[in-house]
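**Student:** Numbering (this note's numbering), first residue to last: 521 to 916.
1. What do you get for residue 746, buried or exposed, if any count of 16 or more other CB atoms within 10 angstroms of its CB means buried?
2. Quick check: the segment 579-591 against the segment 818-834, are there 3 or more CB pairs under 8 Å?
3. Let's test the definition: count the other Cβ atoms within 10 Å of the Cβ of residue 652 and tell me whether it reaches 16, buried, or not, exposed.
4. Fully enclosed by the segment 543-616, which alpha helix (DSSP H) runs are 4 residues long or longer?
5. For residue 823, count neighbouring Cβ atoms within 10 angstroms of its own Cβ and tell me buried if that reaches 16, exposed if not.
6. How many angstroms separate the CA atom of residue 855 from the CA atom of residue 542?
7. Roughly how many angstroms separate the alpha carbons of residue 781 and residue 836, rounded to a whole number?
8. Please state whether DSSP places residue 853 in a helix, a strand or coil.
9. Along the chain, where does the alpha helix (DSSP H) containing residue 699 start, and where does it finish?
10. Measure the alpha-carbon distance for residue 800 versus residue 539 and round it to whole angstroms.
11. So, using beta-carbon positions, are residue 575 and residue 686 closer together than 8 Å?
12. Go ahead and pull the three-state DSSP assignment for residue 750.
13. Less than 8 Å separating the beta-carbons of residue 757 and residue 802?
14. Take the Cβ of residue 602 as the centre, count every other Cβ of all protein chains shown within 10 Å, and call the residue buried at 16 or more, exposed below.
15. Using beta-carbon positions only, say whether residue 558 and residue 634 come within less than 8 Å of one another.
16. Within the continuous alpha helix (DSSP H) that includes residue 868, where are the two ends?
17. From this set, 764, 896 and 702, which residue's C-alpha is nearest residue 868's C-alpha?
18. State yes or no: is the C-beta of residue 797 within less than 8 Å of the C-beta of residue 848?
19. Going by the beta-carbon positions, is the gap between residue 609 and residue 703 smaller than 8 Å?
20. Can you tell which of 613, 642 and 614 has the C-alpha that lies nearest to the C-alpha of residue 627?
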């Protein structure tokens, strides 16, 4: 082979490389300089490895990440039944029209996923249709109390509810909006400004310049320092208050499904900084309170926690693992001011002495009576001594 042949081969290889790179660029979703707005993420590996089973759906797959998994195939038949029920609710709603509308949203839907969705177009559209209609029909039947085979099996319903809240088991909300708008022939949500893509609304609080402590003492340590725990009546578990030595925490029941929801909400916040850190902050706060099983027992007695896990140690381990594997900017901690106030109260010598006095001398009626009698005897002794001294000087 002469030099000319070698040059031709080199050019061919170079042309193949250039064509491959150009084709790869053409295949990329979106436009140049367009910022990708992922809303459906994968759980980071450093978080997943601690509790793998709590991130996987048990009954139903929603979206592409668990699509086609063998263990979830039993629910696929119900998806087709729910699609039939969905179409029967509106005679003007045809399968052709639904497919046409979803095709117009395919590109946007694919871009919502953090990982590339490798399903072919038809398979992707079919998945979105079946999963979206399943969610809509499930919620309608559940809310209206419509009899359904799924609801007849007691353990199925809570598992499906939990699966629908898993971070990796999602489809874009605008797909459900579109399918629901086709069902009722109107827009689900009026055009009222910029869409809020967060899972829940986040509260804003005014931060102080004081350095934020990363943790607080455990529940038993706080009690020994005189802090009183009370169960706060609130539907929002994040609504924690501290005032005049009283720490009020909303009631929470911890079992497998609730544990899974907390994990997925924390993981969701870890994937998108714009969502804030409220659930991560809550997990860190509870992890600080639970150091030993004694802490769990204390908060159970106060009506703050109902532990339905096998042991108290398992609850302690859960919150500690959750807080350890999650990144948290403590300046963005929604309980920032509360942490400062609790630590300030705990570190006060006066509060500690008052707590010791109350615990050792005023913890029960007999102790109170004993202390009262002792003070009375002491007072009488002092009066007798004073009377003797005054009598002596008066006589002289």
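For every residue, glycine included, the Cβ atom is placed at its ideal position computed from N, Cα and C.
**Tutor:** In short, the structure shows the following:
1. In the chain shown, the residue the question calls residue 746 occupies position 226. Around the C-beta of residue 746, 16 or more other C-beta atoms lie within 10 Å, and the residue is accordingly described as buried.
2. Contact between the segment 579-591 and the segment 818-834 is absent, with fewer than three C-beta pairs closer than 8 Å.
3. Locating residue 652 in the chain shown gives position 132, where the first residue counts as 1. Under the 10 Å beta carbon count, residue 652 is surrounded by 16 or more other beta carbons and is classified as buried.
4. Counting whole runs of 4 or more residues, the segment 543-616 contains the alpha helix (DSSP H) stretches 565-568 and 596-608.
5. In the chain shown, the residue the question calls residue 823 occupies position 303. In this structure residue 823 is exposed. Its beta-carbon is surrounded by fewer than 16 other beta-carbon atoms within 10 angstroms.
6. For the purposes of this step, residue 855 is taken as the residue at position 335 of the chain shown. For the purposes of this step, residue 542 is taken as the residue at position 22 of the chain shown. Rounded to whole angstroms, the gap between the alpha carbons of residue 855 and residue 542 is 50 Å.
7. Reading the chain shown from its first residue, position 261 is the one you call residue 781. Reading the chain shown from its first residue, position 316 is the one you call residue 836. Separation of residue 781 and residue 836 (C-alpha to C-alpha, rounded to the nearest whole angstrom) is 17 Å.
8. Taking the first residue of the chain shown as 1, we reach residue 853 at position 333. For residue 853, the three-state secondary structure derived from DSSP is coil.
9. Taking the chain shown and counting its residues from 1, the one referred to as residue 699 is at position 179. First-last of the alpha helix (DSSP H) with residue 699: 693-704.
10. Numbered from its first residue, the chain shown carries residue 800 at position 280. Numbered from its first residue, the chain shown carries residue 539 at position 19. Cα to Cα, residue 800 sits roughly 46 Å from residue 539.
11. Locating residue 575 in the chain shown gives position 55, counting from the first residue. Locating residue 686 in the chain shown gives position 166, counting from the first residue. In this structure, residue 686 lies closer than 8 Å to residue 575 by Cβ.
12. Counting from 1 along the chain shown, the entry for residue 750 is found at position 230. DSSP places residue 750 in strand when its eight states are reduced to three.
13. The residue you call residue 757 lines up with position 237 of the chain shown. The residue you call residue 802 lines up with position 282 of the chain shown. The Cβ-Cβ distance between residue 757 and residue 802 falls below 8 Å.
14. Working through the chain shown from its first residue, we reach residue 602 at position 82. By the Cβ-count criterion, residue 602 is buried, with 16 or more other Cβ atoms from all chains shown falling within 10 Å of its own Cβ.
15. Here residue 558 refers to the residue found at position 38 when the chain shown is read from its first residue. Here residue 634 refers to the residue found at position 114 when the chain shown is read from its first residue. Yes, the Cβ-Cβ distance between residue 558 and residue 634 is below 8 Å.
16. Here the question's residue 868 lines up with position 348 in the chain shown. No alpha helix (DSSP H) holds residue 868; DSSP gives it neither H nor E.
17. Locating residue 868 in the chain shown gives position 348, where the first residue counts as 1. Comparing Cα positions, the closest option is 764.
18. Taking the first residue of the chain shown as position 1, residue 797 is located at position 277. Taking the first residue of the chain shown as position 1, residue 848 is located at position 328. For the 8 Å CB-CB criterion, residue 797 and residue 848 form a contact.
19. Here residue 609 refers to the residue found at position 89 when the chain shown is read from its first residue. Here residue 703 refers to the residue found at position 183 when the chain shown is read from its first residue. Yes; because the gap between Cβ atoms is below 8 Å, this pair is in contact.
20. Position 107 of the chain shown, counted from the first residue, corresponds to residue 627. It is 642.
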